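Asks: Counted the way the numbering used here counts, the sequence shown spans residues 375 to 697.
Backbone N, C-alpha and C fix where the C-beta goes; we use that ideal spot for every residue, glycine too.
These numbers come from a predicted model, not from an experiment.
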Amino acid sequence: MTNTVIEPPPSFARWREARGVTERGKARKRFFHISSAPHTSRVPLSGKRLAFIGGGTMAEAMIRGLLDKHLVPPSHVLVTGPRRERRAELAKAYGVKALASNVEAAKDAHVVVLSVKPQMLPAVTRELSGKLDDGQLVISIVAGATLRSLREGLAHAAIVRAMPNTPAQVGMGVTAWCVTTAVDGAQQDLAKAILGALGEEIAVDDENLVDMATALSGTGPTYVFLLMEALVDAGVHLGFSRRVAEELVLRTVEGSALFARKSGRHLAELRNMVTSPGGTSAAAIYQLEKGALRTVLSKAVYAAYQRTRELGTAADERREERP
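#1: Let me know the secondary structure DSSP gives A365 once reduced to three states.
#2: Considering S549, what are the terminal residues of the beta strand (DSSP E) in which it resides?
#3: Assuming L564 contacts L641 under a Cβ cut-off of 8 Å, what Cβ separation, rounded to an integer in Å, is found between them?
#4: Once the 5 residues before and after A465 are set aside, which same chain residues still bring their CB inside 6 Å of it?
#5: Could you tell me the alpha carbon to alpha carbon distance between K673 and Q661, rounded to whole angstroms?
#6: Looking at the unbroken alpha helix (DSSP H) that takes in F634, where does it start and where does it end?
#7: So T654 is in the alpha helix (DSSP H); what residue range does that whole segment cover?
#8: State yes or no: is the C-beta of T499 within less than 9 Å of the C-beta of L528?
#9: If distances are taken between C-alpha atoms only, which option among L644, G428 and R616 comes closest to G629?
#10: Name the DSSP beta bridge partners of I427, please?
#11: Quick check: what's the CA-CA separation for E620 versus V486?
#12: Distance, Cα to Cα, L441 vs T626?
#13: Please check the pair A532 and A550, which I expect to be a contact at CB under 8 Å, by giving their CB distance rounded to whole angstroms.
#14: Does M647 pass the burial test, meaning 16 or more other C-beta atoms within 10 Å, or should it be called exposed?
#15: So, under 8 Å CB-CB, T588 and A474 are touching, yes? Tell me the CB distance rounded to an integer number of Å.
#16: With distance defined between alpha-carbon atoms, name the residue in H530, H484, A560 and V470 nearest to G504.
#17: When the Cβ atoms of the segment 602-612 are set against those of the segment 569-582, are three or more pairs found closer than 8 Å?
#18: Skipping 5 residues on each side, what residues in its chain have a beta carbon closer than 6 Å to that of F614?
#19: Within the same chain, show all residues whose beta-carbon is closer than 6 Å to that of V553, passing over the 5 residues directly before and after it, in chain order.
#20: Start and end of the alpha helix (DSSP H) containing A577?
#21: Just to confirm my understanding: we take V470, look at its own chain, exclude 5 residues before and 5 after, and list those with CB closer than 7 Å. What are they?
#22: How about L488 and G428: are their beta carbons less than 9 Å apart?
#23: Would you give the residue range spanned by the beta strand (DSSP E) that A472 belongs to?
#24: What would DSSP say about L564, mapped onto helix, strand or coil?
#25: Closest to T593 by CA distance: which of S650, P541 and L569 is it?
#26: State the CB to CB distance for the pair V670 and L590, rounded to an integer number of angstroms; the pair is presumed to be in contact (CB under 8 Å).
#27: Here's the rule I'm using: 16 or more other beta-carbon atoms within 10 Å means buried, otherwise exposed. How should F364 be labelled?
#28: Please name the residue, chosen from G609, E434, G652 and Q562, that lies closest to I513 on a Cα-to-Cα basis.
#29: Using CA coordinates, which residue listed in G430, G547, A435 and A480 is at the minimum distance from P456?
Next up, the structure:
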């Protein structure tokens, strides 16, 4: 088995110690429950079998994280997918069992993770409807799929809806998640352990916050990558080679994010620290504000939020049209 070693992210406890407890943080905790440390204990998942329905990029990230942190052995992980080549690839890379049948994979699993594309979800829920035991936990990472549509489509009560993001592939993701009332404390611990393998996990009480997180953090890497791409292009325009421009931008973004996290200061304060009157940063900020960067980003995030809601509505409508 090929194992990709991924260093675990800094714990949230160390982050809080570096930042101190701020009023902003206190306000946030009224809405979120944020785990105090990464889940590295074997206890919640000891002896548990996991079935991943869909073996795409995010499912692979979850499998990698779980195995790297030794939360489950490969023999307790099953993954499905329509393409034989992809199943063989996952089985060879991680030593997991790869199947073509979703029903067969889910049959004896303690946790069933739905990780298919939104347009494939109706077919999957029809296939699994009525075939899950009451004690099984379903975790969905399908964008826009609501708890209601999942509960009714699967004819199953214990469901977690989660939205990770692509940095989960290197153990640095953030996942917002919520549960149905049928999910008990032990099952919530399972969800924490599984989602914690991707990075930070944030439990929310209001499902709409998962839609909001989909637009902000779930889609967020897209915004960051586009900004980075634009900066690289600007560097090339100045005369740098693309390789050098990319390295400068990558290090700048990486270092800025780490500095912001460790400093404990407001982002506006950090920006002001490096914006001297009449200086280069001030000239650059003037052009960004003149170009309405804030407004464009706000509109982009809201458009992603609306699209998330539309996906959920479309899924509900497809379910209601079923004979």
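Replies: Let me lay it out:
#1: This structure gives no information on residue 365, because the portion of the chain shown stretches from 375 to 697.
#2: Going by the sequence as given, residue 549 is Thr instead of Ser. It spans G547 to V553 - the beta strand (DSSP E) in which T549 sits, taken as one unbroken run.
#3: No, L564 and L641 are not in contact; Cβ-Cβ is about 35 Å, not under 8 Å.
#4: The answer, listed in chain order, is A472.
#5: 19 Å
#6: What sits at residue 634 in the sequence shown is Ala, not Phe. First-last of the alpha helix (DSSP H) with A634: R616 to S637.
#7: DSSP places T654 in the uninterrupted alpha helix (DSSP H) bounded by T654 to K664.
#8: The answer is yes: Cβ separation under 9 Å.
#9: L644
#10: L488
#11: 40 Å
#12: Pairing L441 with T626, the inter-Cα distance amounts to about 31 Å.
#13: Wrong, their Cβ atoms sit about 19 Å apart, outside the cutoff.
#14: exposed
#15: Incorrect: roughly 30 Å between the Cβ atoms, too far for contact.
#16: H530
#17: No: the two stretches stay apart, fewer than three of their Cβ pairs being nearer than 8 Å.
#18: none
#19: Hits under 6 Å: V534.
#20: Run containing A577: none in the alpha helix (DSSP H); it sits in the beta strand (DSSP E), G573 to V578.
#21: I437, P448, V451, L452, V453 and L464
#22: Cβ distance < 9 Å, so L488 and G428 count as in contact.
#23: Taken as a continuous stretch (DSSP letters only), the beta strand (DSSP E) holding A472 covers K471 to L473.
#24: helix
#25: P541
#26: Rounded, the Cβ-Cβ distance is 15 Å, inconsistent with contact.
#27: Residue coverage of the chain in this structure runs from 375 to 697, which leaves residue 364 outside it and unanswerable.
#28: Shortest Cα-Cα distance from I513 to any of G609, E434, G652 and Q562 involves Q562.
#29: G430
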